[in-house]
Each structure stands twice: as C-alpha cells, then as structure tokens.
Ligand SMILES: [Zn+2]
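In the working numbering, the protein residues as written are 4 to 320.
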C-alpha cells in the first residue's frame, strides 16, 4: 500500500504556502499564493484554487489540513476571529470539506507550527516549548507539559499580542491592543522600520531602493542586511532586541527548555536571533535565562504547512 499522503496549507496574513506531504513529512508538490487585500470570497477562492492545484498533482490525497491566522474553534473547525484575514465567523472546516469532498482538519497556524517543531523539529524532546512565528503578524504556540496548550476555549497562545509597550503604537489589523509584540517585531515591523529609514535618509541604500520604485518590505531589508548593508543590519538588530524583550517576558512566564523562532522573518537568521538572545540573557530571571535555548525553526517558514499536514494525517478518514 502506498504511504498515506495529505495536503497541508499554511494560510498566512499575506500569503499561502501549501504542499502534498507524506507520513515521513516529505513534501512532494508545493504551492504558493499571495493575497494581500483580498476580500472574504476572494480569499476562500484562492485557498480552494491552491488546494485543487496540488491535488491535481496528487489525486490520492486522503485529507487536507489548514493552519489559519485566526482564533479557531477546534470542535467545529470554524474561524471565529482573525486579525489579518477576512474570515471571521467562517465555518471553515464544513465549507472546505463540502467543496473538496475530503476530510478536513483546521487549527491555528502557529499551533500547528509548534506541533511540527515539537514532533520532528527544533523542539523535539522538550516538554515545555514556546514558538514565535514572525510574518505579517506574530503567531504564537505553546507546548506545556508535553501538550499543545490551548487555553479555556482553544484561543490561547496568541503570543504576538503580548503587550510589551504600554504606551505603544496601535496593533495592526483588528486587534484593539497597543504596543503588542506584533507591532514591534513582526516581518511587517521590519519593513515599516525600513520605510522610515528610506524616507529620512534618501541617500541610504534603502532610500535609493525606494526612490527606484522598490517596495520596502521585511524581505528586502533582510536581503540587504545579508548583503552587508550596515543600516539594514542595525535595523534588524534593533527588531531582534525588541523580540528579545518579548521573549524575556515569555521565558519568565513559562520557563521553557526551548524557544523556537519561525515564520518568514526567520530568514534574517542570526542577525535577528543574536540580539534577541543577548536581551534575554541580560534581562530574564537568571536561573531561567541560563538554561533556555533560543533557536530557529528546524523547518524554516514551512513549519506551519507541515503542522497542518500532521493534523490532516491524524484526521480519521
Ligand atoms: Zn495586538
């Protein structure tokens, strides 16, 4: 009998990443979509289209798993509320299983990401792990006592909305908070800080890129930093320090063995993580700071897709 294969879809705030995944977590076909600014119907259509594309390459798939940037009711598979996608109140699991004719599993994107890292990646063997996924926003996932921690109604682990700055800027999207970690240290925050430098210093590398019509994104700043642009490196170090401030609170709260940093912005690698570790080492309670490891996700920006596949593999069908 051929190995069971499923489709895993990580639906992020501005892009979708998916693939056909087997029981060994080998990815056979990948699909990507961008959807910034899409409305509810367009978003759902893009998701369905992406699933159908990979399904055409692997018609034998047994189920589909979705990681959504939303508070998900795991009993019903409904998307209750989302900060970045227009899918509030969508009965996601029922809708997708009806349209696709396949068993469907739905969970929060960072919850499935930490599941993948805990089972097979950077948090393997840890009973207590914190995951931060840096992208359009900041997703969070917690493994406590060896189990995924969900809170009272399944909405827990939203670590991106940990308030770091009481008087800080309004949180982007629909979060009513201010000074959330997400405002300070997401991939979007890297891009916004890059835009500010481009405006203030038109002669800088970032300024020249902006003048040439290029959009200043977190990805571009990261690329320039890796190429040695000093201002971009400093900018990412500053974001890393802010991330470290958020991590300081989290490690003090949970005393984890490991903190896993994932999501697209982890492409910045040590440029981001070294300053974050330095702040934790300096500011967290010493017996906690001495033991905690802060590491990049083993699966890079694919933890969410693989985690979505894991929950699909575990779906009875
Ligand atoms: Zn917030």
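All residues carry an ideal CB built from backbone N, CA and C; glycine is no exception.
Quick caveat: nothing in here was measured; it's all calculated off a predicted structure.
Looking at residue 184 and residue 239, is the spacing between their C-beta atoms short of 7 angstroms?
no
From residue 93 to residue 255, what distance separates their C-alpha atoms?
36 angstroms
DSSP on residue 135, reduced to helix/strand/coil?
strand
Whole angstroms is fine: what's the gap from residue 80's alpha carbon to residue 110's?
7 angstroms
Nearest to residue 161 (by Cα), restricted to the options 73, 245, 313:
73
Can you check DSSP and say which residues form a bridge with residue 219?
Paired residue(s): none; residue 219 is not in a bridge.
Is any heavy atom of ligand 1 found at a distance shorter than 6 angstroms from the C-beta of residue 164?
yes
Taking only runs that begin and end inside the region 169 to 216, name each unbroken alpha helix (DSSP H) of 4 or more residues, in chain order.
184 to 188, 190 to 203, 208 to 214
Return the bridge partner residues of residue 82 from the DSSP annotation.
75, 93
Residue 232 lies in the alpha helix (DSSP H); which residues open and close that run?
That residue, residue 232, is in no alpha helix (DSSP H); it is neither H nor E in DSSP.
Local conformation of residue 246 per DSSP, three classes:
helix
Comparing C-alpha positions only, which one of 211, 245, 125, 126 sits nearest to residue 167?
245
Cutting at 8 angstroms between CB atoms, please list the residues of its own chain near residue 159, excluding the five before and the five after it.
145, 152, 153
Work out the CA separation of residue 224 and residue 237 for me, nearest whole Å.
10 angstroms
Same chain, Cβ closer than 6 angstroms to residue 191, neighbours up to 5 away in sequence not counted:
139
With hydrogens ignored, establish whether the beta-carbon of residue 185 is closer than 6 angstroms to any heavy atom of ligand 1.
yes
With a threshold of 8 angstroms on Cβ separation, who are the neighbours of residue 297 within its own chain once the five nearest residues in sequence on each side are excluded?
250, 261, 262, 264, 276, 279, 280, 283
Between residue 180 and ligand 1, is the CB less than 6 angstroms from at least one heavy atom?
yes
Provide the residue span of the alpha helix (DSSP H) that contains residue 88, from first to last.
Residue 88 -> no alpha helix (DSSP H), and no H or E assigned at all.
What residues are listed by DSSP as bridge partners for residue 299?
264
Taking only three categories from DSSP, how would you classify residue 315?
helix
Excluding the five sequence neighbours on either side, which residues of its own chain have a C-beta within less than 7 angstroms of the C-beta of residue 127, listed in chain order?
121
Distance, Cα to Cα, residue 62 vs residue 247?
44 angstroms
Whose C-alpha, out of 59, 99, 57, is nearest the C-alpha of residue 71?
99
Output the distance between the C-alpha atoms of residue 52 and residue 291, rounded to the nearest integer angstrom.
46 angstroms
Starting from residue 122, trace the alpha helix (DSSP H) in both directions and tell me its first and last residue.
112 to 123
Taking residue 52 as part of the alpha helix (DSSP H), name the residues at either end of that continuous run.
43 to 60
Once you ignore the five residues that flank residue 205 on each side, which residues in its own chain have a CB closer than 7 angstroms to its CB?
214
Cβ-Cβ distance between residue 295 and residue 108 below 7 angstroms:
no
Within 10 angstroms of the Cβ of residue 8, are there 16 or more other Cβ atoms? Answer buried if so, exposed if not.
buried
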